[in-house]
Amino acid sequence: MHELLQQVFSGLAAGSIYASVALALVMIYRSTDLVNFAQGEMAMFSTYIAWTLVNAGLPFWAAFAITLIVSFLGGMLIERVVIRPVENAPVLAAVVVTIGLLLIFNSVAGWIYSYTVQDFPSPFPDRPLFHALITTRDLGVIAVTLIMLVLLFLFFRFTSTGLAMRAAAQNPASARLCGIRVGRMLAIGWGLAAAIGATAGIMVAPVLFLDPNMMGGVLLYAFAGALLGGITSPVGAVVGGLIVGVTENLVGTYLIASQLKLTVALALIILVLVFKPNGLFGTAVVRRV
Amino acid sequence: MEKGSAAIARTSVGIERPGTTAAGTWRWAATLLAIAIAVVLPFTLRNYHVFELTLVMIYAIAVLGLNILTGYNGQISLGHGGFFAAGAYTAAILMHRYGVPYWATLPPAGLICFVLGVLFGLPALRFEGPYLALVTLAMALATPQLLKYFDTWTGGQQGINLVKPVPPAGLGLSQDRWLYLIALVALLIAIRVAANMLNGRTGRAWVAIRDQPIAAAAMGIDTARYKTLAFGTSTLFTGVAGALSAIAVGYVSPESYSLFLSVSFLVGSAVGGISTIGGAIVGGFFIQFVPNFANDISDAAPWAIYGLAMLLCMYTMPHGVVGSVKPWLARLAQRTAAQRGAAERQDQNDGRRTP
Amino acid sequence: MAPILELHALKAFYGQSEIVHGIDLSVEEGGMTVVLGANGAGKTTTLRAICGMVRSEGEIAFAGKRLDRRATEDIAALGVAHVPEGRGTFVGLTVEENLRLGGYTRLRNAPENIERMYGYFPILAERRRQQGGALSGGEQQMLAIARALMMEPRLLVLDEPSFGLAPRVVEDIFKIVERIKKEERVSVLLVEQNANLALELADHAYLLETGYVVASGSAKALADDPQIRRAYLGY
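In structure tokens:
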């Protein structure tokens, strides 16, 4: 029982990471109708920026804050320069663009920083708490994710910009009629998603160790989590990510270790989707004819 | 009933029936010329380049399979590498374990992949868009792992070594040239079969389901049956391509059939033009040659160049090469036809004036 | 009174098709102009051209500024509020959020504007926390008009407000439009198929047929014209 709880809690910590990236994926999907396959690599690149800053002597949280700002601006820039040309093109063209972006980020990171695995510092000491049910590090990761989610919720619910972004995602034509610059809202959305990804990358790097391929598995789990929750639901993204984290951990501990773990976890998720083809919180698209 | 459908057939997808219009005659001539060049080409190139072109054609058949499913029927697949592997390993196991001659492995590989596709397509009916992407993605990821797991059959991590086909005596062909010709024949057959299907009732049903699924169902099209058929047909093509690749390369191993292969097929399809047949050939060229060019340009970050190439292709031709060229050619044909019509009318008028 | 909106030789296109073939039209400041015509006459296309939603050629002048090369959101910020065909409600957002969005370009006065809208449309006050999609057709139309008024516009553009609504509801809405015209000092450009009601309210009228203006003048003149009465008013 004790071990089960341990695994659940450490699964929640991993799940917080997946939940964050899943949320970023859902945010972009809602506003641009596109799955951003480059989300993981963007996060990895942001983490390398943080790593560079920390190595240059900056205290951790200062490096964290600067990385978030840089990632936000970078995300906006990517939407404007890389994605905008294909926003009105067939979806497949946009998908290929995100895949290309993935390759570019991965390759450039390997070129600049090499493929050597690096250590990444964690701001949280790694000590067991509560009769070793959970470590302080895992608790820290969950806490950071929680704070980020609360801030996002407040932003979207109570600020005008947040409201404008929700409107632009739901109904861009009507949003324009209200004077909202839909293009700018999309850019801000990508910026926020990039910042969320950066947070996730920085939180996971101490555990997975930093290298250009660090976020590959994370993206897959996040994608699965977002779909499990319902690709149009932010709440679903978080719940889905957490479930995936716990499932992955339990499968890895009790069923099958190593490589097949991914396959089995995905198989379980797909099994759930068979019964709920739009995810747990997703709404079926009602098409009027 | 059949007469009516035949009348409609001419207006929709794929290749026109040749010889019916001026454009059709041009097309027929161009096709024959292309085939002639393709046959002569291997004799003018070195063996290694011939081998590369063989791979181009094999990838083209695989991408053609993907085009059928994703382009014409609108079901996305990130997992076609898995079916490619299924075809490859079917051929490899048949040749290695049971001594089946290489040319006889193609039909079973195709059939097995067809059945696999149908089995996959049935549950896939429940999923759409990104959900279907996930399901196919899971399959692509599972493939190398499953191949390693069932190592008594697949040879596990080591893979299976195969004997490359020997060209028939007396023809004076090198091994590479013989393989090239086999692949060429396979490609031509694949194109012919695809064109026939896509121009016929099946193709029209697929497009109808892709564009207006509700209206299609309301018209009496059995969407479940056609979607499953699309999956099976698509995987049949890709499976045969896989078998050909095993024969041509002479080696199969789990690492060759990673997620990257599935992604490459999708990218090749998009770059060529996903709802076209000719685009598959462009896609084959892209998959085979662009990574090499990228390596030549940048030693340090070749995949960045590859990614950049993908971006540039999508910015300039979002509907793919063939998808962008086709409408342009059609407009050109319209303009010349209009000019010719005007000239004919002019002649008629002139004829009337002279007493 | 000077015209607040002037269209000169306006052509409007859907893709490659030219729908509106070079029309002249003006809206007097403080007045209400109605554009009548059957389905497919080009009325909605004209409104969309004014707001930069479709490709157009020709001149569009609003309060001395040219609108014809501007983006929709810029035109909205200048003071043109468009209530589109089909309402354009944000169905996933609450009534109050819909109104707040209308006030996006006039944030400072938004809270008092919202109260004023609730004054015009008490039913919206009752439903302020409900989702826009849960409202009836008539309520959504009121919400759309209120949202447009939140922009403190100088020109209110209404595209077929009576569409799909029961006659009683349509009467209510038109009564409110009349009240708004008086109290809000906003000029109104109205497109309607319901010619009777529209001609009673409006000052000026235009009749569009397959992309051309075939008649124009004071609303009363058009209402009295026997040909128009027979063709469009049914008697």
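Protein chains in written order, with my numbering: chain A, 275 to 563; chain B, -10 to 344; chain C, 11 to 245. Beta carbons are placed, not taken as given, at the ideal position from N, Cα and C, and that holds for glycine. Quick caveat, the model's predicted, so the values are computed rather than measured.
Proximal chain B residues relative to residue i, where beta-carbon distance stays under 7 angstroms
{"i": "N565 (chain A)", "result": "Any question about residue 565 (chain A) goes unanswered here, given that chain A covers just 275 to 563."}
{"i": "Q533 (chain A)", "result": "Q134"}
{"i": "L380 (chain A)", "result": "The amino acid occupying residue 380 (chain A) in the given sequence is Asn; Leu does not appear at that position. Result: W292."}
Same chain, Cβ closer than 6 angstroms to residue i, neighbours up to 5 away in sequence not counted
{"i": "T43 (chain B)", "result": "L168, Y169, A172, A237"}
{"i": "M301 (chain A)", "result": "G463, A467"}
{"i": "E522 (chain A)", "result": "A539"}
{"i": "I543 (chain A)", "result": "A498, L502"}
{"i": "D400 (chain A)", "result": "T409, R411"}
{"i": "R58 (chain C)", "result": "V64"}
{"i": "S345 (chain A)", "result": "S320, A468, A469, A472"}
{"i": "L347 (chain B)", "result": "This structure cannot speak to residue 347 (chain B), because chain B is shown only from -10 to 344."}
Amino acids of chain A, ordered along the chain, whose beta-carbon sits closer than 8 angstroms to that of residue i
{"i": "M299 (chain B)", "result": "V370, V371, I373, G374, L377"}
{"i": "P316 (chain B)", "result": "Those within 8 angstroms of P316 (chain B) in chain A number zero; the least Cβ separation is about 14 angstroms."}
{"i": "T115 (chain C)", "result": "C452, G453"}
{"i": "M161 (chain C)", "result": "C452, G453"}
{"i": "R199 (chain B)", "result": "The contacting residues do not exist; R199 (chain B) stays about 12 angstroms from chain A at best."}
{"i": "Y138 (chain B)", "result": "L534"}
Cβ-based neighbour list, residue i, same chain, cut-off 7 angstroms, excluding 5 preceding and 5 following
{"i": "G32 (chain C)", "result": "A19, L20, K21, G68"}
{"i": "F184 (chain C)", "result": "L207, L211"}
{"i": "I416 (chain A)", "result": "L286, A287, S290"}
{"i": "L482 (chain A)", "result": "M488"}
{"i": "A12 (chain C)", "result": "E39"}
{"i": "Q277 (chain B)", "result": "E41, L44, V45, Y48"}
Within chain B, partners of residue i - CB distance below 8 angstroms
{"i": "W385 (chain A)", "result": "A289, A290, A293"}
{"i": "I544 (chain A)", "result": "L123, V124, A127"}
Closer than 7 angstroms at the beta carbon, the chain A residues around residue i
{"i": "F262 (chain C)", "result": "Outside the displayed range of chain C (11 to 245) lies residue 262 (chain C), so it cannot be described from this structure."}
{"i": "E181 (chain C)", "result": "Going along chain A, no residue has its Cβ under 7 angstroms from E181 (chain C), so there is no contact; the nearest lies around 26 angstroms."}
{"i": "T82 (chain C)", "result": "R450, L451"}
{"i": "V308 (chain B)", "result": "The residue you asked about is not Val; residue 308 (chain B) is His in the sequence shown. Here the neighbours are P364."}
{"i": "R115 (chain B)", "result": "V548, P551"}
Unbroken alpha helix (DSSP H) run spanning residue i, endpoints
{"i": "H85 (chain B)", "result": "69 to 87"}
{"i": "V365 (chain A)", "result": "365 to 387"}
{"i": "R166 (chain B)", "result": "164 to 188"}
{"i": "S251 (chain B)", "result": "248 to 261"}
{"i": "G227 (chain C)", "result": "First-last for G227 (chain C): 222 to 228, but that is the beta strand (DSSP E), not the alpha helix (DSSP H)."}
{"i": "L166 (chain C)", "result": "Run containing L166 (chain C): none in the alpha helix (DSSP H); it sits in the beta strand (DSSP E), 165 to 169."}
{"i": "A230 (chain B)", "result": "212 to 238"}
Partner residues on chain C for residue i, Cβ-Cβ distance less than 9 angstroms
{"i": "L437 (chain A)", "result": "L103, E107, R110, L111, Y114"}
Chain-ordered neighbours of residue i on chain C, where CB pairs are closer than 7 angstroms
{"i": "S294 (chain A)", "result": "Result: empty, since nearest Cβ-Cβ is about 23 angstroms, beyond 7 angstroms."}
Under 9 angstroms by beta carbon: chain B residues contacting residue i
{"i": "L536 (chain A)", "result": "A127, L130, A131, Q134"}
{"i": "L501 (chain A)", "result": "P119, Y120, A122, L123"}
Listed by chain order, chain C residues near residue i by CB distance under 8 angstroms
{"i": "S434 (chain A)", "result": "R110, Y114, L117"}
Where residue i meets chain E, residues with beta-carbon distance less than 7 angstroms
{"i": "I505 (chain A)", "result": "The chain labelled as chain E is not found among the protein chains of the depicted structure, namely A, B and C."}
Contacts that residue i makes with chain A (C-beta to C-beta distance below 9 angstroms)
{"i": "A86 (chain C)", "result": "R450, L451, C452, G453, I454"}
{"i": "P94 (chain C)", "result": "A447, S448, L451"}
Run of the beta strand (DSSP E) containing residue i, from where it starts to where it stops
{"i": "P13 (chain C)", "result": "13 to 24"}
{"i": "F72 (chain C)", "result": "65 to 72"}
{"i": "H308 (chain B)", "result": "Looking at the DSSP string, H308 (chain B) is not in any beta strand (DSSP E), and its letter there is neither H nor E."}
{"i": "H214 (chain C)", "result": "214 to 219"}
{"i": "E28 (chain C)", "result": "27 to 38"}
{"i": "M42 (chain C)", "result": "42 to 46"}
{"i": "L44 (chain B)", "result": "Per DSSP, L44 (chain B) belongs to no beta strand (DSSP E); it is in the alpha helix (DSSP H), 36 to 55."}
Supposed contact pair residue j and residue i - C-beta distance, whole angstroms, cut 8 angstroms
{"i": "A86 (chain C)", "j": "G453 (chain A)", "result": "4 angstroms"}
{"i": "V370 (chain A)", "j": "V256 (chain B)", "result": "6 angstroms"}
{"i": "A230 (chain B)", "j": "G54 (chain B)", "result": "7 angstroms"}
{"i": "G110 (chain B)", "j": "G13 (chain B)", "result": "Not really, about 34 angstroms apart at Cβ, beyond 8 angstroms."}
{"i": "N36 (chain B)", "j": "D140 (chain B)", "result": "33 angstroms between Cβ atoms; not a contact."}
Residues near residue i in its chain [Cβ-Cβ closer than 8 angstroms; skip 5 each side]
{"i": "M(-10) (chain B)", "result": "In this predicted model, M(-10) (chain B) has a pLDDT of only 38, less than 50, meaning its place in the structure is not dependable enough to derive any value."}
{"i": "I24 (chain B)", "result": "L177"}
{"i": "V152 (chain B)", "result": "M84, G239"}
{"i": "V548 (chain A)", "result": "none"}
{"i": "D182 (chain C)", "result": "G148"}
{"i": "S1 (chain B)", "result": "Low per-residue confidence applies at S1 (chain B): pLDDT is 41, beneath 50, and the placement is therefore not dependable, though the value from the model is reported in the following sentence. So the list reads N188, G192, R193, V196, once near-sequence residues are dropped."}
Check: Between the region 317 to 346 of chain A and chain B, which residues of the former have CB atoms less than 7 angstroms from a CB of the latter, in chain order?
Finding: none
Check: Using a beta-carbon distance cut-off of less than 8 angstroms, what residues from the region 416 to 427 of chain A approach chain B?
Finding: none
Item checked: Interfacial residues, the region 247 to 274 of chain B to chain A, with Cβ spacing under 7 angstroms -> V252, V256, A259, I263
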